[in-house]
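Sequential numbering from 1 applies to the sequence shown in full-length UniProt numbering. Beta carbons: idealized from backbone N, C-alpha and C, even for Gly.
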Amino acid sequence: MQLHPHSISETISKRYFQEIDSINLYNGIEDFYNIESKLLFEIFHLESAKAKKSLHEIIDILSIRFGKQVIKVVRNYFVILSSIIARKLLDNQVPSKKAFAFNLACADMVENKMKDAEFLQFADDLIDFYVYFIADRKQPTFRHQTVNKVIMYINDELESDLTVESIAQKFHISTSHLSRIFREHVGITLVEYLNVRRVEESQYYLRHTNKSITSISKQFHFCNQSYFTRIFKKYTSVTPKHFRDELHHEFYRFDVPEVELENV
């Protein structure tokens, strides 16, 4: 049976006015978008603990409104929230393919990995992933703009076969000058930074995918698995296999220096 062309819009309109009439029966719903705005601010300022608390407040509001159906609604909200964050990532100059992949990955995790009995823990894990992803793509604030641009380029092209020579060519400067300014501002050599970022990123493939260690090693352009293992252990203190098998190990992150040298 063919629907009347206006039947869907009319049905939605009817449902909308029914909801308006009943909305006053539920306390706290008027705070929903204020809390959501606070949540987004906290996520993008890497305030994990505060963001988790705000997300729990949103879940409480949804529980009041939807009762026994809350888990289904929360599942849908997690997908919507991931989409909102993906669009904000685009505003922060994250490449569209990575924002799109971020959105799909989050939606897939919600659909296939979220257990109804553990939805609050899943909410906390989702916040941790948001903050991790954003932290890696946060605009660097070193005084030398070339250094900032190089770091953003590395973040976007990490799975390419990057070298000091190829990066210097990309930015039309000599390898010696690039190496000097990078070390002065970041505190480690560019070669070390490339290894650090590859180790940081590879941790998530080890922990959250079924890819072999050899495959991950090749993905991040380590010359062989033995070298990958040596570099990985240098920064995390454990081997890739140990990190994958022992879930209590925390993720390694490089601490960006707080004090920088003056631009030269």
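| Check | Outcome |
| --- | --- |
| C-beta contact flag for H172 and V147 at 8 Å | no |
| Where V238 sits in the DSSP three-state scheme | coil |
| Ranges of the alpha helix (DSSP H) found wholly within the segment 84-134, counting only runs of at least 4 | 96-112 |
| Residue closest to V94, alpha-carbon to alpha-carbon, out of S215, V191, F220, Q139 | Q139 |
| Close-in-space but distant-in-sequence residues of the same chain around F133 (CB under 7 Å, 5 per side omitted) | F102 |
| CB contact flag (L194, I231, <8 Å) | no |
| N- and C-terminal bounds of the alpha helix (DSSP H) containing I23 | Per DSSP, I23 belongs to no alpha helix (DSSP H) and is neither H nor E. |
| Close beta carbons around residue 270, own chain, < 8 Å, minus the five adjacent residues each side | The structure shown does not extend to residue 270, since the chain is modelled only from 1 to 264, so the question has no answer here. |
| Pairwise C-alpha distance: L40 and N76 | 17 Å |
| Extent of the continuous alpha helix (DSSP H) run through H185 | 175-186 |
| Burial state of Y26, where buried means 16 or more other Cβ atoms lie within 10 Å | exposed |
| Residue environment, T236, which counts as buried when at least 16 other CB atoms sit within 10 Å | buried |
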